[in-house]
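Colleague: Right, I'll just put the structure down here and ask away after.
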Amino acid sequence: MPNPEPSSDWRDRIFGALKSAEIRQVGYVPDAGHSRLIELCQGDPDIRAVSLTTEEEGIALAAGAWLGGQRCALLMQSSGVGNCINMLSLAKSCRFPLTMLVTMRGEWAEFNPWQVAMGSKTQAALELMDVLVYRVEQEADAAETVAAALDIAFNGGLATAVLLSQRLIGAKRWVK
Amino acid sequence: MTTMHSNQPRLDRRAAIRVLLAERGELLVVTGLGSTTYDAASVADDERNFYLWGAMGGAVMVGLGLAIARPGRPVLVVTGDGDTLMGLSALATVGVQSPPNLAIAVFDNGRYAETGMQPSHTDSAVDLVGVARSCGIEIAIDITDKAALAEFARRVQRKERTLFARVAIHADEPPRVLPPRDGVLLKNRFRQATGVES
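Protein chains in written order, with my numbering: chain A, 9 to 184; chain B, 135 to 332.
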């Protein structure tokens, strides 16, 4: 299937990066910031979109996919990174390639103070587990940063994460 | 609290793993942290076994990712009750995905054998077969004898439905058989032996 044409929407361009990297499984925990990307993955016949109950399931899913010769990417929110910590030992101990796309909460125009506890420690927690972290603040950088993370993950056998800043995603509307 | 399965017949774990792996054919195997890794290694340190030496709670999900990636091969996860309980939500995710080539066999002794035989939740309150069924894994069975286990092993090869078996085993600790612990080695040799990396 040909890769999608470049789109004006940065989320669509991230999807293009996943397709270019031949991602075949995408594990996700439903998330407002990732909703467009999740829909695109669900609608692609060459991608198996796997809804997870908790994010650490995804670390193990990605390992299994690689053992079977497929590439898997994970979509989650910053709070979900905390759920992954021990399971990241699987990626580290076996040098499984891994790319986590993380929508940030608790850092800009955050309504819910409970999101700040994990959001403010997300990058540090990932780096403690030797995950290579990239951060995206501008729409124009999103797709190429994801492409770079996928490239070093799958060609270099590294665990990577791309943090998509809350300012990029936009604040959550709480009162409708 | 009463013990759920106290009067139930139980299998010897090493005999049980031999039944599961006797005619493995194209079977790909993932084992959980601890005793089921030693069990699989006691049959043979086969390169088509991926042993988890950590990542407790992860065995079922590794099996799911593998089964989705390799639809033409049967995939069997052999793990313990402790690992299954820690990753119980993975059964819900498996129920939703239901790959027909994935089978899960839980060696259930109701104990954390690795840490001193402390009782697990399956010793008293938790029925793993009921959990699996409630998660949408329709073929979920309780196995207490060799004939039923052999039938399960044949069914795994057919790749028709997602399968779950709770295998009742004795709470004992046979001599440990330790396969390699180098995760990079285990990963690379698995991929080479199963034809996804030359």
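In this text, a Cβ means the ideal position worked out from N, Cα and C, and glycines have one as well.
1) By how many angstroms is the C-alpha of A:L166 removed from the C-alpha of A:L140?
2) Check distances from the C-beta atoms of the segment 41 to 67 of chain A to those of chain B and list, in chain order, the residues that come in under 9 Å.
3) List the residues of chain B whose Cβ lies closer than 7 Å to the Cβ of A:Q85, in chain order.
4) List the residues of chain B that A:Q33 touches, going by C-beta distances under 8 Å, in chain order.
5) Please report the straight-line C-alpha distance between A:F119 and A:Q174, rounded to a whole angstrom.
6) For A:Q131, go through chain D and note every residue whose CB falls closer than 8 Å to its CB, in chain order.
7) Please compile the residues from chain B whose C-beta is within a distance smaller than 7 Å of the C-beta of A:R21.
8) Quick check on DSSP: helix, strand or coil for A:R32?
9) Which chain B residues sit within Cβ distance under 7 Å of A:M108?
10) Listing by chain order, which chain B residues have their CB less than 9 Å from the CB of A:G77?
11) In chain B, which residues lie less than 9 Å from A:A167 when you measure between Cβ atoms?
12) Of the residues B:T256, B:E181, B:L162, which one's Cα is nearest the Cα of B:I238?
13) Can you list the residues of chain B that A:F104 reaches, using a CB-CB cut of under 8 Å?
14) So, helix, strand or coil for B:T328, using DSSP?
15) Please confirm whether B:F184 has its beta-carbon closer than 7 Å to some beta-carbon of chain A.
16) Residues of chain A with a CB under 7 Å from the CB of B:Q231: which are they?
17) Roughly how many angstroms separate the alpha carbons of B:R292 and B:G317, rounded to a whole number?
18) At which residues does the alpha helix (DSSP H) containing B:F286 begin and terminate?
19) Mapping the DSSP letters down to three states, classify B:V211 as helix, strand or coil.
20) Where B:V175 and B:M190 are concerned, what is the direct C-alpha to C-alpha distance, given to the nearest angstrom?
21) Kindly indicate which three-state DSSP category A:Q174 falls into: helix, strand or coil?
22) Quick one: is A:S86 buried, meaning 16 or more other Cβ sit within 10 Å of its Cβ, or exposed?
23) Residues in the same chain with beta-carbon distance under 7 Å from B:G188, minus the five sequence neighbours each way, listed in chain order, please.
24) Could you check where the beta strand (DSSP E) with A:R56 kicks off and where it finishes?
25) Which one of B:L155, B:L145, B:D179 has the shortest CA to CA distance from B:R310?
26) Interface residues of chain B around A:A70 at Cβ under 7 Å?
27) Can you find the residues in the same chain that come closer than 6 Å, C-beta to C-beta, to B:A149, ignoring five residues on each side of it along the sequence?
28) What does DSSP give as the partner residues of B:N183 in its beta bridges?
29) One question on the structure: do B:R147 and B:F286 come within less than 7 Å of each other, judged by their Cβ atoms?
30) Looking at the structure shown, is A:Q123 part of a helix, part of a strand, or coil, going by DSSP?
31) Note down, in chain order, each residue of its chain lying with its Cβ closer than 6 Å to the Cβ of A:E147, except the 5 sequence neighbours on either side.
Modeller: Concretely, from the data shown:
1) Position 132 of the first sequence, counting from 1, holds the residue named residue 140 of chain A. Position 158 of the first sequence, counting from 1, holds the residue named residue 166 of chain A. Cα to Cα, A:L140 sits roughly 8 Å from A:L166.
2) R56, V58, S59, L60, T61, T62, E64, E65, G66, I67
3) Along the first sequence, one-based indexing puts residue 85 of chain A at 77. Chain B residues near A:Q85: none, gap ~17 Å exceeds 7 Å.
4) For the purposes of this step, residue 33 of chain A is identified with residue 25 of the first sequence, where counting begins at 1. In chain order: G199, I202, A203.
5) Here residue 119 of chain A refers to the residue found at position 111 of the first sequence. Here residue 174 of chain A refers to the residue found at position 166 of the first sequence. For A:F119 and A:Q174, the gap between their C-alpha atoms comes out near 12 Å.
6) Of the protein chains in this structure, namely A and B, none is chain D.
7) Against the first sequence, residue 21 of chain A aligns to sequence position 13. Per Cβ cutoff of 7 Å: no residues; A:R21 is ~26 Å from chain B at best.
8) Taking the first residue of the first sequence as position 1, residue 32 of chain A is located at position 24. Strand, per DSSP.
9) Your numbering for residue 108 of chain A matches position 100 in the first sequence. Chain-order list of chain B residues neighbouring A:M108: empty, with the shortest C-beta distance near 15 Å, by a criterion of under 7 Å.
10) Reading the first sequence from its first residue, position 69 is the one you call residue 77 of chain A. Ordered by position in chain B, the residues that pass the 9 Å Cβ test against A:G77 are A203, R204, R325, T328, G329, V330, E331.
11) Numbered from its first residue, the first sequence carries residue 167 of chain A at position 159. Listed along the chain, the chain B residues whose CB falls inside 9 Å of the CB of A:A167 amount to none; the nearest CB is some 13 Å away.
12) Locating residue 238 of chain B in the second sequence gives position 104, where the first residue counts as 1. When each option's Cα is compared against that of B:I238, the closest is B:L162.
13) Your numbering for residue 104 of chain A matches position 96 in the first sequence. Correct list: K321.
14) Numbered from its first residue, the second sequence carries residue 328 of chain B at position 194. B:T328 falls in the coil class under three-state DSSP.
15) One-based indexing of the second sequence puts residue 184 of chain B at position 50. Answer yes: the Cβ-Cβ gap between B:F184 and chain A drops below 7 Å somewhere.
16) Counting from 1 along the second sequence, the entry for residue 231 of chain B is found at position 97. Here the neighbours are V58.
17) Mapped onto the second sequence, residue 292 of chain B falls at position 158. Mapped onto the second sequence, residue 317 of chain B falls at position 183. Each residue's alpha carbon lies about 30 Å from the other.
18) Here residue 286 of chain B corresponds to residue number 152 of the second sequence, with the count starting at 1. Element bounds for B:F286: 280 to 292.
19) Position 77 of the second sequence, counted from the first residue, corresponds to residue 211 of chain B. B:V211: strand per DSSP, three-state reduction.
20) If you number the second sequence from 1, residue 175 of chain B lands on position 41. If you number the second sequence from 1, residue 190 of chain B lands on position 56. With the sequence shown as reference, residue 175 of chain B is identified as Ala, and Val is not the correct amino acid for it. Their Cα atoms are separated by approximately 18 Å.
21) Counting from 1 along the first sequence, the entry for residue 174 of chain A is found at position 166. Look at A:Q174 here: in three-state DSSP terms it is helix.
22) Start at 1 with the first residue of the first sequence, and residue 86 of chain A comes out as number 78. Buried, since its Cβ has 16 or more Cβ neighbours within 10 Å.
23) Stepping through the second sequence from its first residue, residue 188 of chain B is reached at position 54. Excluding sequence neighbours, B:G188 sits near L167.
24) Locating residue 56 of chain A in the first sequence gives position 48, counting from the first residue. Run containing A:R56: 56 to 59, per the beta strand (DSSP E) assignment.
25) Residue 310 of chain B sits at position 176 when you count from the first residue of the second sequence. When only C-alpha atoms are compared, the closest one is B:D179.
26) Here the question's residue 70 of chain A lines up with position 62 in the first sequence. Those within 7 Å of A:A70 in chain B are G199.
27) For the purposes of this step, residue 149 of chain B is identified with residue 15 of the second sequence, where counting begins at 1. No residues qualify anywhere along the chain.
28) Working through the second sequence from its first residue, we reach residue 183 of chain B at position 49. Among the bridge pairs identified by DSSP, B:N183 is matched with B:V163.
29) By 1-based counting over the second sequence, the position of residue 147 of chain B is 13. By 1-based counting over the second sequence, the position of residue 286 of chain B is 152. Their beta carbons are not under 7 Å apart, which means B:R147 does not touch B:F286 by this criterion.
30) To locate residue 123 of chain A, count along the first sequence from 1; it is residue 115. DSSP places A:Q123 within a helical segment (H, G or I) once states are collapsed to three.
31) As a first step, residue 147 of chain A is located in the first sequence; it is residue number 139 there, counting from the start. The residues are W18.
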